[in-house]
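Numbering-wise (our numbering), the first sequence opens with residue 503 and increments by one. All residues carry an ideal CB built from backbone N, CA and C; glycine is no exception.
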Amino acid sequence: MPEGHTIHRLARDLRRDLAGQVVAVTSPQGRFSGGASQIDGFRLLSAEAYGKHLLIDFEPPAPDGVLHIHLGLFGRFTRFADGAPSRSEKSSIANEVSGASSVRLRLAAAGWAWQLSGPTVCAFVNDQELRKLRDRLGPDPLRSNADPALFVASVRASRRAIGALLLDQSIVAGIGNVYRSELCYRLRLDPRTPGNELSADEVRWLWDDAVALLTIGVRLGRIVTVDAVGDRSTKGSGRRRNTVADLPAGKRVSVYRRDHCLGCGAEVERFDLGNRWAYVCPVEQPSQS
DNA sequence: AACGAATGGGAAT
DNA sequence: TTCCCCTTCGTTC
Numbered sequence: 503m504p505e506g507h508t509i510h511r512l513a514r515d516l517r518r519d520l521a522g523q524v525v526a527v528t529s530p531q532g533r534f535s536g537g538a539s540q541i542d543g544f545r546l547l548s549a550e551a552y553g554k555h556l557l558i559d560f561e562p563p564a565p566d567g568v569l570h571i572h573l574g575l576f577g578r579f580t581r582f583a584d585g586a587p588s589r590s591e592k593s594s595i596a597n598e599v600s601g602a603s604s605v606r607l608r609l610a611a612a613g614w615a616w617q618l619s620g621p622t623v624c625a626f627v628n629d630q631e632l633r634k635l636r637d638r639l640g641p642d643p644l645r646s647n648a649d650p651a652l653f654v655a656s657v658r659a660s661r662r663a664i665g666a667l668l669l670d671q672s673i674v675a676g677i678g679n680v681y682r683s684e685l686c687y688r689l690r691l692d693p694r695t696p697g698n699e700l701s702a703d704e705v706r707w708l709w710d711d712a713v714a715l716l717t718i719g720v721r722l723g724r725i726v727t728v729d730a731v732g733d734r735s736t737k738g739s740g741r742r743r744n745t746v747a748d749l750p751a752g753k754r755v756s757v758y759r760r761d762h763c764l765g766c767g768a769e770v771e772r773f774d775l776g777n778r779w780a781y782v783c784p785v786e787q788p789s790q791s
């Protein structure tokens, strides 16, 4: 499910399956903004992620612009072999049979087909709209050319709570509700702390940890923010903890949606922060005031 | 069957 | 701030 790691992994997989191929683009649901036909039958060049946004490029003479997809909370891309829907896609099949497809977009090429359902955005956008989108996104920890100083400066200039800033895609692109609670926990930081009360080192630590966690998320295909047992990979910053291995369900996060803190067993507190639930361990993340 | 949540975000008020 | 959209899945009646 979709925080930045999901979209970057998806972009990688789409490139692997479809880059360089002529792709049949359709919208079984019929709700593709602008119409799928305008990019149907062109060669797919690349797929890239910027934060939680997925951008897909087609080779001219396809129209100028890119296919813009945002999964939102419910969106999902599913891969099928040889165009044959897999058995796990029962509901999708049932819907298609009944004539009420939930498939917003289908990308089909030799070997593989990908189907998108439930996205917030699926539209072909021109270069100007694309620029507008890029302009309202902050640095993405998963992009190698991202500038951490931008993140540090904007956080330290704001009186808003760090937990709200971490969800603001114009401050940092790609972090969602799980990572924000887990990042604050790992720094033993109350997410209600105003950004301007944090030291440059603390904010930089948040950035570096976001890079580490999101990278692991891409590799594993799921969010894991807890150190694997026996993992001693603390070289480098020393303070940095690197989560490298997958862990069993129930041991992958420390506080998010948990009743008790995985670290110390204290009862986890939950409160609204930026219109989403934030989770803290009141023992390990004591409030400042 | 009906309801509520869910790793999100934009538009309207 | 509040409302609304998107879909799936688990729980409750």
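Exposed or buried, residue 778, counting other C-beta atoms within 10 Å across all chains shown (16 or more means buried)? Working through the first sequence from its first residue, we reach residue 778 at position 276. Exposed, by the Cβ-count rule.
Check whether the Cβ atoms of residue 579 and residue 512 lie closer than 8 angstroms to each other. Taking the first sequence and counting its residues from 1, the one referred to as residue 579 is at position 77. Taking the first sequence and counting its residues from 1, the one referred to as residue 512 is at position 10. Their beta carbons are under 8 angstroms apart, which means residue 579 touches residue 512 by this criterion.
Taking residue 569 and residue 558 to be in contact with their CB atoms under 8 angstroms, please state how far apart those CB atoms are, rounded to whole angstroms. Along the first sequence, one-based indexing puts residue 569 at 67. Along the first sequence, one-based indexing puts residue 558 at 56. Right, the Cβ-Cβ distance comes to about 4 angstroms (below 8 angstroms), so this counts as a contact.
Three CB pairs or more closer than 8 angstroms across the segment 629-648 and the segment 754-768: no
In terms of alpha-carbon separation, which member of 622, 721, 770, 550 lies closest to residue 684? Sequence index remark: in the first sequence, residue 684 carries index 182 (1-based). Closest option to residue 684, Cα to Cα, is 770.
Residue range of the unbroken alpha helix (DSSP H) whose run includes residue 652: Taking the first sequence and counting its residues from 1, the one referred to as residue 652 is at position 150. It spans 650-658 - the alpha helix (DSSP H) in which residue 652 sits, taken as one unbroken run.
Are there three or more Cβ pairs, one per stretch, closer than 8 angstroms when the segment 701-709 is compared with the segment 653-663? yes
Would the segment 626-633 count as touching the segment 662-674 if we require 3 or more Cβ pairs under 8 angstroms? no
DSSP has residue 549 in a bridge; who is on the other side? Translated into the one-based positions of the first sequence, residue 549 becomes position 47. Answer is 558.
Mapping DSSP to helix, strand and coil, what is residue 787? Reading the first sequence from its first residue, position 285 is the one you call residue 787. Reduced to three states, the DSSP call for residue 787 is coil.
Our contact map puts residue 546 next to residue 534 with C-beta atoms below 8 angstroms; I'd like the distance itself, whole angstroms only. Along the first sequence, one-based indexing puts residue 546 at 44. Along the first sequence, one-based indexing puts residue 534 at 32. About 16 angstroms separates the two Cβ atoms, so there is no contact after all.
Please report the straight-line C-alpha distance between residue 784 and residue 751, rounded to a whole angstrom. Your numbering for residue 784 matches position 282 in the first sequence. Your numbering for residue 751 matches position 249 in the first sequence. If I take the Cα positions, the gap works out to 23 angstroms.
Kindly indicate which three-state DSSP category residue 528 falls into: helix, strand or coil? Working through the first sequence from its first residue, we reach residue 528 at position 26. Residue 528: strand per DSSP, three-state reduction.
Let me know the secondary structure DSSP gives residue 580 once reduced to three states. Translated into the one-based positions of the first sequence, residue 580 becomes position 78. The answer is strand: DSSP assigns residue 580 an E or B state.
Cα separation between residue 508 and residue 790? What you label residue 508 is simply residue 6 of the first sequence in a count that begins at 1. What you label residue 790 is simply residue 288 of the first sequence in a count that begins at 1. The straight-line gap from Cα to Cα measures roughly 33 angstroms.
Starting from residue 681, follow the alpha helix (DSSP H) in both directions and report where the run begins and ends. Within the first sequence, residue 681 is the residue found at index 179, counting from 1. Where residue 681 is concerned, the enclosing alpha helix (DSSP H) stretches over 679-688.
Report yes if the C-beta distance between residue 540 and residue 612 is below 8 angstroms; otherwise report no. Your numbering for residue 540 matches position 38 in the first sequence. Your numbering for residue 612 matches position 110 in the first sequence. For residue 540 and residue 612, no; Cβs fall outside 8 angstroms.
Output the boundary residues of the beta strand (DSSP E) element that contains residue 617. Position 115 of the first sequence holds residue 617. 614-619 is the span of the beta strand (DSSP E), which, as asked, contains residue 617.
Whole angstroms is fine: what's the gap from residue 595's alpha carbon to residue 774's? Position 93 of the first sequence holds residue 595. Position 272 of the first sequence holds residue 774. With a pLDDT of only 47 at residue 595, under the threshold of 50, the placement of this residue in the model should not be trusted, and no figure is reported.
Quick check on residue 610: does DSSP put it in helix, strand or coil? Along the first sequence, read from residue 1 onward, the residue named residue 610 stands at position 108. Of the three classes helix, strand and coil, the one that applies to residue 610 here is strand, per DSSP.
Mapping the DSSP letters down to three states, classify residue 778 as helix, strand or coil. Taking the first sequence and counting its residues from 1, one reaches residue 778 at position 276. If DSSP states are grouped into helix, strand and coil, residue 778 belongs with the strands.
Candidates 581, 726, 670, 660: which alpha carbon is nearest residue 698's? Taking the first residue of the first sequence as position 1, residue 698 is located at position 196. Taking only the C-alpha atoms, the option nearest residue 698 is 660.
heavy atom of the ligand FAD below 7 angstroms from residue 654 C-beta: Among the components modelled here there is no ligand, and therefore nothing to report on the ligand FAD.
Would you list the residues sitting across from residue 571 in a DSSP beta bridge? The residue labelled residue 571 in the question sits at position 69 within the first sequence. Note: residue 571 sits in a beta bridge opposite 556, 624.
Cβ-based neighbour list, residue 764, same chain, cut-off 6 angstroms, excluding 5 preceding and 5 following: As a working mapping, residue 764 is identified with position 262 in the first sequence. Excluding sequence neighbours, residue 764 sits near 756.
Which of helix, strand or coil does DSSP assign to residue 701? On the first sequence, residue 701 is found 199 positions in, with the first residue counted as 1. Note: residue 701 maps to coil in three-state DSSP.
Let me know the secondary structure DSSP gives residue 694 once reduced to three states. Here residue 694 is taken as the residue at index 192 of the first sequence, counted from 1. Reduced to three states, the DSSP call for residue 694 is coil.
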